[in-house]
Structures are given as C-alpha cells and as structure tokens.
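Residue numbers (the numbering used here): 49 to 288.
Remarks on the structure that follows.
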C-alpha cells in the first residue's frame, strides 16, 4: 500500500553528480542503460513541483481550505471499497469515522447498491433507505479509516477547522489485477486473481449559510388552484 498526500517529497531526492555519471563508463552496456534511466527519472522528479507529484481527478477551487490523501494499489476488493466509499461520501468527517467503526462492530452495514449480485439481503440496510444486500467489508473499512486519518493530519499548518470538515470528494479506481495460479486436483490449474484499487479523498470545510433577511412589507404569496378560485368567486357571488 502506498499512501501519498499533497506534500512535496522533493527534499528526499538526490540530484546525480558528475562523478556518478563518470562511473557509468566502468559498467557494462546493460547496466549503463539501466543506471542512466534511473538518473534521468530522478532528474525529472526533481523538476516536478509539489502539485505535480500526485495527480487527482478533481482540483478544488480553494486549495488552502482542503486536505487531500491518496492510496495506491490497496490489497482489498475494488467492489467492496467502492460501495464503502459511496456510503461515506458527503458525510462529516466525525460521522464518517463513527459509521466505519460501527461497521467494524457490525452495528451498521455497507449497502451494496451496485456490486451486490452474490450477497444476501441485510436488515440493517433499512437505516440507509435501501432494501437490498449489504456487507461488512472489514479490510476496506480499515483502509478507509487510515486514509481519513492521513487526510486529517494533512490539515496541519493550514487555517482549517477540523471539526467542520466533510468528505467533499472520494473516488475509487481499479488497479492492475494481481495474477496468480492455484493448483487443483487431477493436474488442473485455475486462475487466482486479485482486484486491488486506488483511492483518493478530499476533505473540505463546510460553507456557513446565512439566512436571507425578509424584506419589509413583503408578505407571503398564497397560491390557489383554479378550483379554489372558482369556489371563492361562487361564494362571493352567492353572498352578494
């Protein structure tokens, strides 16, 4: 698992010196080529800025008021991770952590709204206004808790109120599948694949909405249907 954030890692890279390039002549041709590729890659990483190190599918309007975190090649099911991420999307950070901990304790469930073909129906899905299959994906929940903690720690040094954070963006993408083989009886060999995933999350502060003051002399507009207007005219005509 590789967890990265919006911070820069350029300070940990060492720029190749002239002496290191001169020592390439003492190596074989194959080793020279491989070492030269590594040196070029280091130079490219040095030239990248802090924002170019990790790419996100969405860029916030105000980068100073958000916190990012990203994890690559997580060894957990892509389908379970997607359903768990969609369950906490838009929630406040404290509520999302509480919900994930409840799933670990099996007090709550993750509703499978898209990838739930082989799962059974769960009665706990009624809490989420969903009457279908649900699961308790322990590995996905633990990875998301670690990712949310990492994103929250990235708010250090920023003018951000951590108690007012919510999950404004979360996305799960498929990673390269792990290819393995299992050996069966009678000399058979079957596929034994894994489906890892990439996850990115952005935490942002909630906007404070102020109620618009009512204008003086502006009353509430009462709308009536045609039947109500006809009944009112009939009543006025009868009384006259």
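Ideal Cβ positions, reconstructed from N, Cα and C, are used throughout, including at glycine.
Review point. Taking DSSP as the reference, what is the three-state secondary structure of residue 147?
Key: Helix at residue 147.
Review point. Quick one: what does DSSP say residue 86 is sitting in, helix, strand or coil?
Key: helix
Practice item. Could I get the ranges of all uninterrupted beta strand (DSSP E) runs contained in the segment 139-225, with 3 residues as the minimum, in chain order? Key: 213-222
**Study point:** Cut-off 7 Å between Cβ atoms - residues of its own chain near residue 137, not counting five sequence neighbours on either side
**Key:** 215 and 218
Point to revise | One or two residues paired with residue 237 in a DSSP bridge | key: Its beta-bridge partners are 231.
**Study point:** residue 247 - partner residues in DSSP beta bridges
**Key:** 119 and 220
Practice item. Note down the Cα distance separating residue 170 from residue 180, rounded to an integer number of angstroms. Key: 7 Å
Point to revise | residue 149 classed as buried or exposed, judged by whether at least 16 other C-beta atoms fall within 10 angstroms | key: exposed
Exercise for review: Quick one: using the 10 Å Cβ neighbour count with 16 as the cut-off for buried, is residue 252 buried or exposed?
Suggested key: buried
Review point. What residue does the alpha helix (DSSP H) around residue 126 start on, and which one ends it?
Key: 126-136
Check your understanding: Just checking, does the segment 152-160 make contact with the segment 171-178 on the three C-beta pairs under 8 Å criterion?
Key -> yes
Exercise for review: Can you say whether residue 247 is buried or exposed, counting buried as having 16 or more other CB atoms within 10 angstroms of its CB?
Suggested key: buried
Practice item. Round the Cβ separation of residue 220 and residue 184 to the nearest angstrom and send it over; I've been treating them as touching at under 8 Å. Key: Contact flag wrong, Cβ pair sits at about 18 Å.
Check your understanding: Out of 260, 269 and 141, which has the shortest C-alpha to C-alpha gap to residue 193?
Key -> 141
**Study point:** Distance, residue 269 Cα to residue 282 Cα
**Key:** 22 Å
Point to revise | Sequence-distant residues of the same chain with beta carbon closer than 7 Å to residue 272, five excluded per side | key: none
Practice item. Note down the Cα distance separating residue 231 from residue 213, rounded to an integer number of angstroms. Key: 49 Å
Practice item. With a 10 Å radius around its C-beta and 16 neighbouring C-beta atoms as the bar for buried, classify residue 211 as buried or exposed. Key: exposed
Point to revise | Straight-line Cα distance separating residue 121 from residue 255 | key: One alpha carbon belongs to residue 255, the other to residue 121, and they sit about 33 Å apart.
Check your understanding: For residue 133, which residues of its own chain have a beta-carbon under 6 Å away from its beta-carbon, when the five flanking residues on both sides are left out?
Key -> Here the set comprises 218 and 220.
Check your understanding: Would a C-beta distance cut-off of 8 Å place residue 144 and residue 196 closer than the cut-off?
Key -> Yes.
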